[in-house]
Amino acid sequence: MNEKWSLDALYTGLDSAKFKADWQELRELIAANRNLSDPATTVAAIKARLQVFSRLSVLANSLEGYLYLRTSADTSDIEAENLLEQIQTACNELKPAEVAFCRSIAAFTPWEDLITDPDLADLKYYLERKRAESKYLLSSEEEELAAGLNMAGGNAWSALFDQLTANLQMDFQGKKCTLADIRNYAYDSEASVREAAYRAELASYKEIAVPVSFALNSIKKQAKFMSRRRGFASPLDEAVFDSFMSRETLDALLGAIRERLPLFRRYLKAKAKYLGHSGALPWWDLFAPLGRTNHTYTLDEAKDLLVKAFNKLHPPIAELMRRAFDEAWIDFWPRPGKVGGAFCSNLPQIKQSRILTNFNGSFDAVDTLAHELGHAYHGYRIQNHLPLNWDYSMPVAETASTFNETHLTLMSLADTDDREEKLAILEGVLCNTCQTVVDIYSRFLFEEAVFDTCDRGRLTVEECCETMHKAQLEAYGEAIIPETLHPYMWACKGHYYSSYMGYYNFPYAFGALLAIGLYSRYQAEGAAFMPKYDQFLTMTTVASAEDTARSVGIDLTNQEFWLNGLDTFGTFVEQFEELVWKIY
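Each residue of the sequence shown is one higher than the one before, counting from 126 in the numbering used here.
Written out as structure tokens, the structure reads:
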């Protein structure tokens with residue numbers, strides 16, 4: 126089994142004939158179409174433009190995807206980084222043509238002639254989205270200028286964040302550690318190691334905090350400015366629009382989370398008691414392993430566990446997992462220069478995906494693989510769509526991944542009668558869900574506060590830390606010792622550092638709770654539900670979040686749906702408390 130991914134299915138290198146040919150074709154297409162500003166007033170003209178933009182999308186996704194993956198695995202790959210910037214700059218030259226085409230779609234009359242054309246049936250939702258997006262477009266010249274400035278603005282600040290955090294190193298226990306390494310010690314079995322790593326991590330941020338704070342301020346100010354210019358009431362309204370969902374759905378989700386925060390605080394207090402703390406839990410013990418956690422998984426063991434567990438659920442998911450391990454889709458281990466965290470990049474143009482993770486052998490790391498492989502399965506379900514239908518919104522993007530986590534947890538619980546092992550599994554699911562619900566809520570509050578205050582001047586490092594502290598205190602309440610909260614969490618989470626995607630937080634909670642709703646359908650219907658699940662995933666790029674959920678009988682605007690999902694974890698909390706009291 127390869128321990129690093131192979132990108133050869135895309136390109137064998139920057140000097141490969143295919144890379145050069147695709148880059149040349151992209152440049153030629155851009156040159157031929159960048160001044161294409163005349164209105165498309167016939168169905169035939171719309172079809173012709175759609176073919177051009179479809180080919181451009183495939184080429185840009187292939188080239189940019191390859192370069193992004195290379196630079197994520199090695200942030201010192203300057204040649205790839207420079208090429209990525211060149212390609213993005215070239216693509217920005219198409220902005221006027223894209224704006225003109227979007228306006229042509231919006232102005233097309235009679236509209237029914239366009240969306241009822243048999244050749245365009247598969248692009249109906251795409252056309253409707255473009256019609257809606259036209260309301261928030263700037264002029265062609267302004268769009269081109271904004272895209273160009275973003276290269277030296279938001280994108281550059283984001284790249285700086287990646288560079289600083291990927292290359293930050295510190296001394297710990299006699300060796301050099303990356304930020305990903307030191308954060309992995311949060312899962313260590315020794316309390317003294319967890320606390321020491323936490324303190325070493327906090328101390329290390331001082332080396333990069335000032336430039337990272339400038340990156341945060343600049344990106345959020347730019348995002349807020351552009352949101353206003355486009356006519357959105359706020360960056361949050363823009364995020365909701367970009368998520369193919371309604372504000373009513375988001376309000377129902379957040380309202381349910383606020384109502385059930387005490388449930389997760391119960392779990393944290395029970396964990397604190399088990400670990401010997403009086404009252405609240407210190408931050409460095411949030412990820413402390415409980416129960417039997419001595420087993421360290423090899424990559425082969427992780428593969429076997431996942432393939433067996435998911436073959437019982439749905440063989441196509443298991444088969445995709447096997448391919449990911451066997452065909453070098455995954456880059457597993459942390460190393461200097463590699464970005465932290467984990468992500469999955471769908472590559473529908475080659476009908477594959479690539480997964481980056483920082484594997485450490487824990488069950489949680491296996492769970493992370495299950496999560497990312499859920500994204501890969503989602504990509505598998507949409508890979509046969511037309512290229513212009515390859516993009517799904519962030520909230521539904523987190524659904525297949527969390528569905529996988531839910532299944533792995535419940536299967537693992539059902540397969541053991543051992544009290545210590547059950548405790549470890551319950552701890553895993555509650556710890557992860559606490560992050561997905563409570564910590565995500567704190568991140569939402571932090572970002573909301575930054576957007577609210579960034580107009581009044583640059584937030585200093587101290588103010589960023591204070592804002593994060595307040596957000597965490599509101600979310601975690603009395604369950605975490607206030608003095609041990611993590612004030613630098615804004616400096617290690619890449620989700621804040623995107624100039625085009627604000628509020629990259631609530632989608633995780635959305636995905637987790639929607640996944641619970643879907644899984645409950647599976648529990649009620651058995652294997653007969655899984656074709657419906659496949660169809661649900663397939664719909665996510667060609668329908669709104671509400672319509673996609675409605676296809677399996679779920680009303681996302683109803684707060685009761687979200688509360689019911691959260692209450693599912695109430696059963697886990699009760700089981701966890703019972704085990705803690707017995708073992709304690």
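Glycine included, C-beta positions come from ideal geometry on N, C-alpha and C.
I'd like to know whether the C-beta atoms of residue i and residue j end up nearer to each other than 8 Å.
i: Arg-319; j: Asp-410; result: yes
i: Gln-449; j: Ala-501; result: A small fix is needed here, since residue 449 is Ala in this sequence, not Gln. Cβ atoms of Ala-449 and Ala-501: closer than 8 Å.
i: Pro-461; j: Gln-298; result: no
i: Arg-390; j: Ala-634; result: no
i: Tyr-622; j: Ile-344; result: yes
i: Leu-704; j: Lys-547; result: yes
i: Leu-132; j: Arg-195; result: yes
i: Gly-636; j: Thr-524; result: yes
i: Ala-395; j: Phe-701; result: yes
i: Gly-278; j: Ser-669; result: no
i: Asn-127; j: Ala-453; result: yes
i: Ala-434; j: His-532; result: yes
i: Asp-147; j: Leu-188; result: yes
i: Leu-472; j: Ser-182; result: no
i: Gly-371; j: Glu-671; result: Residue 371 is actually Ser in this sequence, not Gly. Closer than 8 Å, so yes.
i: Leu-361; j: Leu-248; result: no
i: Ser-259; j: Ala-231; result: yes
i: Leu-610; j: Trp-408; result: yes
i: Leu-481; j: Leu-431; result: no
i: Thr-673; j: Val-521; result: yes
i: Asn-217; j: Glu-267; result: no
i: Phe-457; j: Phe-484; result: yes
i: Val-335; j: Ala-427; result: no
i: Tyr-330; j: Ala-616; result: yes
i: Leu-327; j: Ile-606; result: no
i: Cys-469; j: Glu-497; result: yes
i: Ala-467; j: Gly-627; result: no
i: Gly-619; j: Asp-202; result: no
i: Ala-291; j: Gly-465; result: yes
Who are residue i's beta bridge partners in DSSP?
i: Thr-303; result: Gln-294
i: Cys-469; result: Ile-480
i: Leu-406; result: Ile-605
i: Asp-721; result: The structure shown does not extend to residue 721, since the chain is modelled only from 126 through 709, so no value can be given for it.
Taking residue i and residue j to be in contact with their CB atoms under 8 Å, please state how far apart those CB atoms are, rounded to whole angstroms.
i: Asp-659; j: Arg-506; result: 6 Å
i: Ser-567; j: Tyr-601; result: 7 Å
i: Arg-355; j: Leu-691; result: About 34 Å; that fails the 8 Å criterion.
i: Tyr-312; j: Asp-542; result: Tyr-312 to Asp-542, Cβ: 25 Å. No contact.
i: Met-519; j: Tyr-392; result: Between Tyr-392 and Met-519 the Cβ distance is about 26 Å, and since that is not below 8 Å, they are no contact.
i: Leu-184; j: Glu-150; result: 6 Å
i: Thr-665; j: Tyr-517; result: 4 Å
i: Ala-316; j: Arg-417; result: Incorrect: roughly 17 Å between the Cβ atoms, too far for contact.
i: Ala-574; j: Thr-592; result: 5 Å
i: Trp-687; j: Leu-192; result: Trp-687 to Leu-192, Cβ: 39 Å. No contact.
i: Asp-199; j: Lys-398; result: Not quite, the Cβ-Cβ distance comes to about 44 Å (not below 8 Å), so this is no contact.
i: Leu-388; j: Val-698; result: 6 Å
i: Val-554; j: Thr-534; result: 4 Å
i: Phe-631; j: Leu-375; result: 7 Å
i: Thr-421; j: Gly-486; result: 4 Å
i: Pro-459; j: Ser-314; result: Their Cβ separation, rounded to whole angstroms, is 19 Å, which puts Pro-459 and Ser-314 out of contact at 8 Å.
ask   = On the three-pair Cβ rule with 8 Å, is the segment 328-344 touching the segment 275-282?
value = These segments touch.
key: At least three beta-carbon pairs within less than 8 Å, the segment 129-148 to the segment 426-441   = Using a Cβ-Cβ distance cut-off of 8 Å, the segment 129-148 and the segment 426-441 are not in contact, since fewer than three pairs of beta carbons, one from each stretch, lie closer than that value.
request  = Run through the segment 572-641 for me and flag every whole alpha helix (DSSP H) of 4 or more residues, listed as ranges in chain order.
outcome  = Scanning the segment 572-641 from its first residue to its last, the whole alpha helix (DSSP H) runs of 4-plus residues come out as 586-601.
ask   = At a cut of 8 Å, does the segment 202-219 reach the segment 235-246 through at least three beta carbon pairs?
value = Below 8 Å, too few C-beta pairs join the segment 202-219 and the segment 235-246 to call them touching: fewer than three.
query = On the three-pair Cβ rule with 8 Å, is the segment 161-169 touching the segment 214-231?
reply = Counting Cβ pairs under 8 Å, three or more are found: they touch.
inquiry  = If contact is defined by three or more beta carbon pairs under 8 Å, each pair taking one atom from either stretch, is the segment 301-310 in contact with the segment 637-645?
reply    = These segments do not touch.
Residue ranges of each alpha helix (DSSP H) within the segment 355-430, 4 or longer = Within the segment 355-430, the complete alpha helix (DSSP H) runs of at least 4 residues fall at 360-367 and 372-399.
query = Mind pulling the alpha helix (DSSP H) runs of 4 or more residues that sit fully within the segment 161-241?
reply = Correct list: 168-198, 203-217, 220-232 and 236-240.
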